[in-house]
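In what follows, a single structure is set out as structure tokens and then discussed.
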Amino acid sequence: MKKLLFFVFALFVISSTSNAQYDLNAPVPVDPSIKTGVLDNGLTYYIRHNQEPKERASFYIIQNVGGILEDDSQDGLAHFLEHMAFNGTENFPGKGVISTLEKHGIAFGRNINAYTAQDETVYNISNVPVAPNGLMDTCLLILHDWSNYLSLEEAEIDSERGVISEEWRTRRDASFRTRNQTMPALLNNSKYGERDVIGELDVIKGFEYDELRRFYHDWYRTDLQAIAIVGDFDAAEMEQKVIKLFSKIPAVDNPKERYEVKVEPKAETTFKLALDKESTRSSVSMYVRHEAEASSDKNHNTLKTNYKRTLIRTMIGARINELLQKGNPPFINGYVSFSDYPRTVSLLSIGTTAKENEEALAFESILTEVERVKRFGFSEGELERAKTQMLMGYENYYKQRDKINHDSYCKEIASLYLENVPMPGIEYEFKFAQSVIPTITTDELKAYFNSMYTKENRVVIISGPEKEGVEHLNQEEAFAIIEKVENNDAITAYVDEVVSSSLVEELPVEGKIVSERALPEFDAVEWTLNNNTKVVYRYANYNKNQVALSSYSKGGSSLYDVADLPSVNMASDFVPAFGIGNYDAIALQKALTGKNAKVQFNISGLSEYINGSCRTEDFETMMQLAYLHFEQPRFDEEAYNALMSRYKAYVANMGDDPKKIMQDSISQIRSNYHERNIIFGPEYLEKVSFNRMEKIYKERFNNASDFTFFIVGDIEKDAAKALATKYLGAISSNNTKENWRDNKVNGPEGITQKTIPVKLAEPKATVQIIYNNELDYTPENRIGLSFISAVLRLRYTESIREKEGGTYGVGVNASANHYPQSKGSVMIQFDCDPERSGDLIPLVYAEIDKMIKSGATTDDLDKTRKNILKSRAESKDQNSYWMGNIRNYYVHGVNMDLASNYEEIVENMSAKDIKKLAKKFFKKADKIEVTFVPKEN
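Counting from 1, position 252 in the sequence shown corresponds to residue 239 in the numbering used here; the numbering is continuous, with no gaps.
Encoded structure:
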């Protein structure tokens, strides 16, 4: 009794002391590493020195302006205006912004971009080289022009109408249309529910120029703008440059009020049924709407509330996961989450993806779990596990603080400026989390949850396929289920079951090293163990406190007959659901509380492998998990059946999804309808066998001597050697080697041209053009293909998107395969108006013909060269770079870290080289051209 009283008293003291360190009602200080200020014209700036990546900087302009501020005649113009920022400014006429930046390797799309939402518009120029001198000044000038000096020329506006019309067309899929049906109900017919940012097509095509200019002059102004600049530079010097340049921008006289849209409360529950012919799954959701905390009221309590939300979401998520692992799960998946979107609304979201014609069961089941929390809250064991995981996450983030990149800081700054989301810096928040999270009690969490799970402002939304034979809940049925659950006296408290034992009880034999070989080219070492497995180790602390594991063994699904392929291919989805060793999946998750270690396996076409990652202190756990994947895999038929029932429900209506139809058609054509190319769907799942899956898995992962393991990360050599030897050396071995089998899955020869009609709710054509040809797997050819795809992307952006206004974007992807045959592939894809596909396809071929005849222009070549070298330099400061290069060396026999295999090739790539490779690759390539068009009713 005395011990119990002492424990309670100690806990009280800890709780009181921890909370006393912070005034929860006090504002949260801003990260002291950030230089911030407000200019006389009202513009706010944030500047921070950061070194990830080194010698780079990111530039953002954050506009507290979005679609919600549009008049009815301006629907979509906030987004249109975002596009116009790239179509002419005072100092960068025409496409000058993009062209100027691309000359320095800063790529449009990846490094230069923007987005428009309901309440904000944010532009970014990311990972800009800090040298040469003047480039950062150029970026400052671009931000300056984006603030107040857009040209908005009529010819450019008219040209962009086509691009945005095609973006409108591309976006309008089943989920977009469903969202537009449900948002008015969710947001009580407020303006938030009416605006979808992209706008109405008739407005996009027909608005008067002055409507756009009026929106621009009303809302793009310094008192609604902030700039965020983060990078590897002198912050004090940058601050002076910002003050000097941006102070010159005049403030607007008599500015319009930047109003906020409130969503009015509604006492009764709202119901909405939203159906779409292209939808493939039923969703049943209930939302409880609250007024969001005002930006000015955010303080330390805001952080604590976020912790509560995370803990609740984690614990309910774990309970739902348990439901999904057993018997016949009541739904495909489920969730409970919290969000603050739009900014004046705070939402509790409860939802499931239901099996076909089982919406009632899904809704009742998820509400029962919610009601269980409402009545009984959470157990102490659940909470302690959730706290441990959460604190571990903060600790990892803290230890990785030197690897937080520029863009992450800029996005945090945007949230700080727009909504006053606390940004005290990771050092401060880590200490605050360590102080506050341990004090949060089950009673607090239950009280908070019940404050959010109220009967007012509730919205029930049912969405799914509009299809004969598929029935959906109506309002009366849905409300009856709510009442039934609320009055169900049979609901009991959750019972937390925990298995207590070691992951690995004992090893049959401990491994040892029989030989060691230095790999000076990688600053690595290779150990051969007693079971003839090879382990390659390299120390790398670019990502501190992180260690990665990979492996490789030849064989894969290529060694199995067609009948076994579904069982082989689904193994990586199913086997993790069975758990491992003495633990089922649920018990394993609980047993790994406080450990940040995971291991996953895969069986690909030509190989099998396991990958893993962990904190340095959890390296032994990762090694144990790797050992168990070989020696004690677990196969649980109940878990198999539970997951299979969810999969079958998931794919039931997949054949109605036009994207899936197109994807499957391309896959079949590319394989020339080979029998080994089996389309995923209901029939596919019928061919999966639990017994065959188990047998095949054990065949693939039963022989250590056929595997090479790779360990790269922040762990000392002796520690890695001891634990890798102990566990990997204990894996069984039969000292045999396998190889993959070439099953001759080749594409069609010559030219294949098809037009395929597809049922579409919106008129749209999708064009895919694919070139395949034999190509030696050399660094020169691989890098050459990268040049070809990048240059074509530039050309198509200019010709098909900008000049013709024919598409929102043209995707170009190139790949080179070594095995089973050395081949290259280039794929070109775009969406467009069905009436225009015939005009645009010849433009694709015209650019390829130009490349065959003359290579690439000096301008395009230099843009591509600088972007490739820029990306390469940025990648080298990551552990993953070294893992990728070492693994590539063992699989393909090429050291891509050598300058002679990369940088020198890129530096010396000429228009003549591009011309030669383009002629060699495209001239005699097999070509597939497929156009998907709307099927006539």
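C-beta atoms are modelled at their ideal positions from N, C-alpha and C, and glycine is treated no differently. Source: prediction; values computed, not measured.
- Under the three-state reduction of DSSP, residue 379 is assigned to helix.
- Look at residue 254 here: in three-state DSSP terms it is coil, with no helix or strand label.
- Closest option to residue 910, judged by alpha-carbon separation, among 606, 837, 861, 522: 837.
- In the three-state reduction of the DSSP assignment, residue 26 falls in the coil class.
- Three or more pairs of CB atoms, one per stretch, sit closer than 8 Å, so the stretch 315 to 323 contacts the stretch 332 to 340.
- Boundaries of the alpha helix (DSSP H) around residue 772: 766 to 783.
- In this structure, DSSP gives residue 608 a helical state, which the three-state scheme calls helix.
- Taking C-beta atoms under 8 Å as the contact rule, residue 917 and residue 652 qualify, at a distance of about 7 Å.
- Annotation for residue 500: the continuous beta strand (DSSP E) segment containing it runs 500 to 506.
- DSSP places residue 451 inside the beta strand (DSSP E), whose first and last residues are 445 to 452.
- Annotation: the stretch 617 to 687 contains the following complete segments of the alpha helix (DSSP H) (minimum length 4 residues), in chain order: 624 to 638, 645 to 657, 669 to 673, 677 to 687.
- Beyond the five residues adjoining it in sequence on each side, residue 172 comes within less than 8 Å, by CB distance, of 180, 257, 258, 259, 446, 448 in the same chain, given in chain order.
- When DSSP states are grouped into helix, strand and coil, residue 133 belongs to the helix group.
- Assignment of residue 105 by DSSP, reduced to helix, strand and coil, places it in the coil class.
- Counted as a single uninterrupted DSSP element, the alpha helix (DSSP H) harbouring residue 363 occupies residues 346 to 363.
- Taking one beta carbon from each stretch, the stretch 263 to 272 and the stretch 642 to 658 have 3 or more pairs nearer than 8 Å; the two touch.
- Secondary structure at residue 220: coil, using DSSP grouped into helix, strand and coil.
- Contact annotation: residue 375 and residue 543 have beta-carbon atoms that are not nearer than 9 Å.
- Taken through DSSP and simplified to helix, strand or coil, residue 739 comes out as strand.
- With fewer than three CB-CB distances shorter than 8 Å, the stretch 241 to 251 does not count as touching the stretch 418 to 436.
- Counting C-beta atoms within 10 angstroms of its own C-beta, residue 16 has fewer than 16 neighbours from the protein chains shown and is therefore classed as exposed.
- Per the DSSP secondary-structure output, residue 600 pairs in a beta bridge with 535, 585.
- By the Cβ criterion, the stretch 75 to 90 is not in contact with the stretch 203 to 211, since fewer than three pairs of Cβ atoms, one from each stretch, lie closer than 8 Å.
- By the CB criterion at 9 Å, residue 35 and residue 114 fall outside the cutoff.
- In the structure shown, the three-state DSSP call for residue 755 is strand.
- Rounded to the nearest whole angstrom, the C-alpha separation of residue 313 and residue 9 is 44 Å.
- Cβ atoms of residue 904 and residue 775 come within 8 Å of each other, at about 7 Å.
- In the three-state scheme derived from DSSP, where H, G and I count as helix and E and B as strand, residue 697 is classed as strand.
- In this structure residue 64 is not in contact with residue 174, their Cβ atoms being roughly 21 Å apart against a cut-off of 8 Å.
- Taken atom to atom, the span from the alpha-carbon of residue 191 to that of residue 148 is near 6 Å.
- Within the stretch 852 to 879, the complete alpha helix (DSSP H) segments of 4 residues or longer fall at 866 to 879, listed in chain order.
- In this structure, residue 125 sits away from residue 52, with a CB-CB distance that is not shorter than 9 Å.
- By the neighbour-count definition (other C-beta atoms within 10 Å, threshold 16), residue 451 is a buried residue.
- In this structure, the CA atom of residue 816 is about 32 Å from the CA atom of residue 138.
- In this structure, residue 14 sits away from residue 418, with a CB-CB distance that is not shorter than 9 Å.
- Take the alpha-carbon of residue 155 and the one of residue 648: they are about 21 Å apart.
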